[in-house]
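S.K.:
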Amino acid sequence: MTDVAAPRDPVLDVRGLEVSFGTGRVRRAVVQGLDLRIAAGQCVAIVGESGSGKSVTARSLLGLAGADAAVRADRLDVGGTGMLRAGEREWRRLRGVGVGLVLQDALVSLDPLRTIGREIGDALRLHRRMPAAAARARVLELLELVGMPDPAGAIDRRSGELSGGMRQRALIASAIALDPPLLIADEPTTALDVGVQARVLALLAEARDRGTGILLISHDLAVVSALADRIIVLDDGLVVEEGPTTEVITSPRHPTTRALVAAVPTEVPRGHPLTLVDRSNALVSRPVTASAPREIVLEGRALTKTFTTRGTPTLAVDDVSFSLERGRTLGLVGESGSGKTTVARLMLAIAAPDSGEVLLGGSAWSSLPERERRPLRPRIGAIYQDALGSFDPRWTVERILRDALGPAATGTEVVDLLEQVRLAPDAAARHPLTLSGGQRQRVSIARALAEAPEILVCDEPVSALDTTVQARVLDLLDELQRERGLSLLFISHDLGVVRHMSDTVAVMRHGRIVEHGDAESVFTDPQHEYTRSLIADAPRLRSLG
Amino acid sequence: MSELEVRSTVTVEAAARPLPRVGTVLAGLFVVFLAVAVIWPGLIAPYGPDAIAPRDAFQPPSAAHWFGTDESGRDIYSRVIWGTATSLLIGVTATAIGLSLGLLLGAIGGLGGRALDFAVGRVNEVLFAFPGLLLALLVIVLYGPGPVTATIAVGLSTAPGYARIIQGELRGIRSSGFVEAARVLGHSPSRIIRRHILPNALAPIAVLATLGVGQAIVWASALSYLGLGAQPPAPEWGAMLSAGRTYITTAWWMTVFPGLMIVLTTIATTVLGRAITSRRGGVR
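Going down the list, the protein sequences come from chains D and F.
The first sequence lines up with residues 0 to 544 when you count with numbering that gives the first Met the number 0.
The second sequence lines up with residues 0 to 283 when you count with numbering that gives the first Met the number 0.
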């Protein structure tokens with residue numbers, strides 16, 4: 000520990016933190032021997048895969064680890080108060096005042112039935128005994144501070160009426176309402192678009208510069224590198240590496256850290272694996288045959304689609320045209336609500352366009368009656384963001400794959416499919432619920448491959464996954480594409496992912512394609528202002544960017 | 000995030016070998032007792048249901064008559080046991096009627112197009128506007144009192160509730176990710192309904208039915224109490240309650256014990272229904 004920049008009293012001082020769940024013999028330690036010191040104005044990040052103990056650590060520091068958790072430490076000073084022997088009352092007094100919390104999902108963190116003005120104002124009235132009018136004025140000030148557009152209007156709205164980014168800002172406003180010396184942010188930007196993510200990170204940076212100590216928790220090293228002074232890497236409850244951000248990122252010593260660094264897709268060229276498992280294949284680059292004109296397998300022509308909600312029509316897809324060539328990847332990138340998923344549904348002919356047409360292999364597709372389209376459906380497969388939701392909840396993996404393979408499917412075919420997506424044969428007997436997120440997405444890829452499609456439509460396939468898991472799934476898709484000559488329509492809000500995966504790219508905004516072209520040229524020389532802002536907002540490893 | 004994953008593994012492990020709670024066990028035992036009373040009442044009832052002994056009229060509970068006797072000297076305990084079959088039959092049949100009608104109506108609304116969804120929804124709302132018992136009374140007014148009419152009446156009045164739940168369940172599953180995934184795979188609508196939609200919709204409804212039986216028994220007893228269901232000499236719980244209310248100040252046991260049976264039966268079926276629900280919830 001060579002902390003030069005910590006002359007002030009630490010806002011968080013934890014020594015030898017240990018958290019375990021269960022009782023008696025089945026007791027399982029999820030965090031072991033964690034030391035953590037955060038000075039005022041300093042940001043320390045804990046990174047690790049899901050299950051590594053990051054969130055449990057955050058919760059323990061708030062006394063929220065849960066009734067079945069045993070928390071032990073040699074020292075536990077939070078916001079300047081020793082909390083080692085604190086009871087529920089002491090913790091309650093500390094929360095909000097001594098330490099603020101920003102969670103990943105603002106939708107569930109805010110009461111849907113109360114206005115955000117009341118939600119934020121509560122902390123002020125509760126802890127400061129502020130009169131209602133004064134609290135309201137302070138809430139307005141806070142909303143202004145976190146850059147909420149139209150604070151006066153937003154204060155009387157409920158969380159459900161706000162967009163994801165606005166909710167996250169409201170949540171940050173409530174966390175800093177009492178000006179706590181310590182802020183704990185648990186995956187604060189994971190569910191957000193890059194633009195909003197950049198603004199939320201900037202907001203946290205402002206709080207840090209005002210002197211708040213921040214504990215940032217994330218699985219994404221790129222997000223963390225923008226903000227943190229120090230990084231702690233957790234693996235299975237143990238600290239495997241710790242040091243100043245630049246040092247950890249540029250010269251990672253532990254394999255876990257190296258895997259985390261390698262998994263950030265933004266800087267990795269197309270065709271290079273993101274995982275470090277087989278270094279020998281690392282230089283297998285794809286053959287460059289861009290000049291030869293290729294067969295077009297899927298084409299959208301002047302597609303439009305309007306949705307009407309409560310009488311108000313919304314143009315979800317507005318004059319969208321593009322084509323996908325055989326064996327190549329078309330990346331479709333844009334923020335949430337830009338119409339990407341609607342385009343995917345039009346391509347899959349699950350939804351019908353209002354005007355325009357989708358052609359499959361040069362012949363009619365969207366204009367066919369469903370009865371005639373059904374026999375052609377095996378040519379085009381799909382994987383979704385919510386893999387679990389795309390499986391019948393009653394079925395095992397084997398049943399799911401057999402259903403896709405057809406009535407004559409044999410057990411070996413199921414095992415073959417599992418092998419292709421690098422899953423062990425014993426996964427067949429499991430329920431998807433008992434699989435991890437990455438494994439579930441593999442099963443969904445296996446199901447899509449069952450009918451041997453030419454085209455795979457991937458709608459945000461890795462958005463719900465940790466970066467390291469994401470890296471493995473992306474590598475798998477890349478390998479499968481090479482092995483089978485698959486054509487991919489790859490949809491994501493994550494610019495880094497799209498850049499890594501795509502040959503050609505289309506950037507969508509408000510239902511329109513604003514820029515379209517060869518991936519390298521779009522990313523190195525963006526023409527549209529929106530593309531440029533997307534690229535600028537994308538998190539990247541600080542030292543490399 | 001990470002700790003959620005930890006929790007979920009724990010839940011899955013716990014769901015694999017759950018220990019039933021004491022209440023569930025007691026409820027189960029009581030249902031076994033009811034089953035014996037239905038199948039072989041003579042085994043646990045010391046007297047016949049209609050064995051009159053005028054000399055023993057209005058006996059309070061004793062070793063010879065556990066639940067006492069009524070105005071004709073009939074043993075209340077035996078009558079309660081013999082009446083189990085009638086009361087349960089009414090409850091189960093009424094639930095079956097309600098469930099079948101609800102299923103039919105719900106399936107039309109849930110699997111049909113948007114117009115049918117709308118139509119069934121409105122019909123349901125109209126039926127909902129009447130209190131269930133009022134709907135049942137209407138049927139009895141039209142077709143005359145008696146155990147059969149009472150059963151049909153209770154069945155009819157519970158149908159809208161089931162219909163609404165089934166309709167919503169089917170709608171939800173139709174728009175779920177796995178149904179869309181099956182469509183993308185090119186499966187036919189009939190196959191999707193058969194393999195995905197119906198099995199997933201019916202599982203929670205089966206649980207709902209166990210909760211519904213208790214409710215139906217209470218309603219049927221209420222109708223009998225009003226003299227609209229099973230008629231007096233028959234040993235039906237509601238009818239026994241009704242007969243006993245004249246003597247409630249002098250012979251409390253005539254009303255308390257049949258009432259207790261209704262309460263216990265309802266609680267037992269409800270507790271069991273809940274236990275099955277939470278168990279399913281753990282698995283899903």
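We put the beta carbon where it would ideally sit given N, CA and C, even for glycine.
Rounded to whole angstroms, what is the Cα-Cα separation between D/Pro-254 and D/Ala-44?
M.R.: Per the coordinates, the alpha-carbon of D/Pro-254 lies some 18 angstroms from the alpha-carbon of D/Ala-44.
S.K.: May I have the straight-line CA-CA distance separating D/Thr-288 from D/Ser-501, to the nearest angstrom?
M.R.: Only weak support is given to the placement of D/Thr-288: the predicted model assigns it a pLDDT of 49, under 50, and the question is left unresolved by the model.
S.K.: Quick one: which chain F residues come within Cβ less than 9 angstroms of D/Arg-376?
M.R.: Arg-182, Val-183, Leu-184, Gly-185, His-186
S.K.: Have a look at D/Arg-498 and D/Phe-489 and give me their C-alpha separation to the nearest angstrom.
M.R.: 10 angstroms
S.K.: What residues are listed by DSSP as bridge partners for D/Arg-511?
M.R.: D/Arg-508
S.K.: Quick one: which chain F residues come within Cβ less than 8 angstroms of D/Ala-403?
M.R.: Chain F residues near D/Ala-403: Leu-184.
S.K.: Taking the C-alpha atoms as reference points, what is the distance between D/Leu-417 and D/Arg-166?
M.R.: 40 angstroms
S.K.: When burial is assigned at 16 or more other CB atoms within 10 Å of the CB, is D/Val-263 buried or exposed?
M.R.: buried
S.K.: Can you find the residues in the same chain that come closer than 6 angstroms, C-beta to C-beta, to D/Pro-251, ignoring five residues on each side of it along the sequence?
M.R.: Arg-257, Val-260
S.K.: Counting along the chain, where does the alpha helix (DSSP H) carrying F/Ile-247 start and finish?
M.R.: It is not in any alpha helix (DSSP H) - F/Ile-247 carries neither H nor E in the DSSP assignment.
S.K.: Could you name the residues of chain F that D/Glu-412 contacts, counting a contact when the two beta carbons are closer than 8 angstroms?
M.R.: What D/Glu-412 touches in chain F: nothing, since even the nearest Cβ is about 15 angstroms away.
S.K.: Flag this pair as yes or no: are the beta carbons of D/Leu-191 and D/Ala-225 separated by less than 7 angstroms?
M.R.: no
S.K.: Who are the neighbours of D/Glu-450 on chain F, taking C-beta pairs under 7 angstroms?
M.R.: Leu-184
S.K.: Taking 7 angstroms as the threshold (beta carbon to beta carbon), is F/Gly-287 in contact with chain D?
M.R.: Here chain F comprises residues numbered 0 to 283, so residue 287 of chain F is not present and cannot be evaluated.
S.K.: Taking Cβ-Cβ distances shorter than 7 angstroms, what residues in chain F pair up with D/Arg-393?
M.R.: Pro-198, Asn-199
S.K.: Between which two residues does the alpha helix (DSSP H) harbouring F/Ser-77 extend?
M.R.: 75-110
S.K.: Would you give the residue range spanned by the alpha helix (DSSP H) that D/Ala-153 belongs to?
M.R.: 150-153
S.K.: To the nearest angstrom, how far is the alpha carbon of F/Ala-202 from that of D/Gly-361?
M.R.: 44 angstroms
S.K.: Going by the C-beta, is D/Asp-524 closer than 6 angstroms to any heavy atom of the ligand ATP?
M.R.: In the structure on display, the ligand ATP does not appear, and there are no ligands present to speak of.
S.K.: I want to see whether chain F comes within less than 7 angstroms of D/Arg-26, judged by CB atoms only; does it?
M.R.: no
S.K.: According to DSSP, is D/Gln-31 helix, strand or coil?
M.R.: strand
S.K.: Within 7 angstroms of any Cβ in chain D, is that where the Cβ of F/His-195 sits?
M.R.: yes
S.K.: DSSP state of D/Ala-44, grouped into three classes?
M.R.: strand
S.K.: Going along the chain, which unbroken runs of the beta strand (DSSP E) with 3 or more residues stay wholly within the segment 329-382 of chain D?
M.R.: 354-359, 379-382
S.K.: I want to see whether chain F comes within less than 7 angstroms of D/Phe-306, judged by CB atoms only; does it?
M.R.: no
S.K.: Contact check, F/Thr-254 vs F/Ile-261 under 8 angstroms by CB: the rounded distance?
M.R.: Wrong, their Cβ atoms sit about 11 angstroms apart, outside the cutoff.
S.K.: Can you tell me where the alpha helix (DSSP H) with D/Ser-520 in it begins and where it stops?
M.R.: 518-523
S.K.: For D/Val-567, which of D/Val-55, D/Gly-40, D/Ala-39 has the nearest alpha-carbon?
M.R.: An answer regarding residue 567 of chain D cannot be provided, because it is not within the stretch 0 to 544 covered by chain D.
S.K.: List the DSSP bridge partners of D/Ile-37.
M.R.: Per DSSP, D/Leu-11.
S.K.: Please classify D/Gln-438 as buried or exposed, where buried requires at least 16 other C-beta atoms within 10 Å of its C-beta.
M.R.: buried
S.K.: In terms of residue numbering, what span does the beta strand (DSSP E) encompassing D/Val-238 cover?
M.R.: Looking at the DSSP string, the run of the beta strand (DSSP E) that includes D/Val-238 is 237-243.
S.K.: Tell me the residue span of the alpha helix (DSSP H) that contains F/Ile-196.
M.R.: Where F/Ile-196 is concerned, there is no enclosing alpha helix (DSSP H), given that its DSSP letter is neither H nor E.
S.K.: Going by alpha carbons, who is nearest to F/Val-178 out of D/Arg-483, D/Pro-452, D/Leu-387?
M.R.: D/Leu-387
S.K.: Would F/Gly-281 pass as an interface residue toward chain D - the criterion being a Cβ-Cβ separation below 7 angstroms?
M.R.: Confidence at F/Gly-281 is low in this model, with a pLDDT of 44, below 50, so its placement is unreliable and the value that follows should be read with caution. It does not; no Cβ of chain D falls within 7 angstroms.
S.K.: Terminal residues of the continuous alpha helix (DSSP H) containing F/Pro-159?
M.R.: Residue range 146-173 is occupied by the alpha helix (DSSP H) that includes F/Pro-159.
S.K.: Within 7 angstroms of any Cβ in chain F, is that where the Cβ of D/Thr-288 sits?
M.R.: In this predicted model, D/Thr-288 has a pLDDT of only 49, less than 50, meaning its place in the structure is not dependable; the value taken from the coordinates is given anyway. So no, D/Thr-288 is outside the interface.
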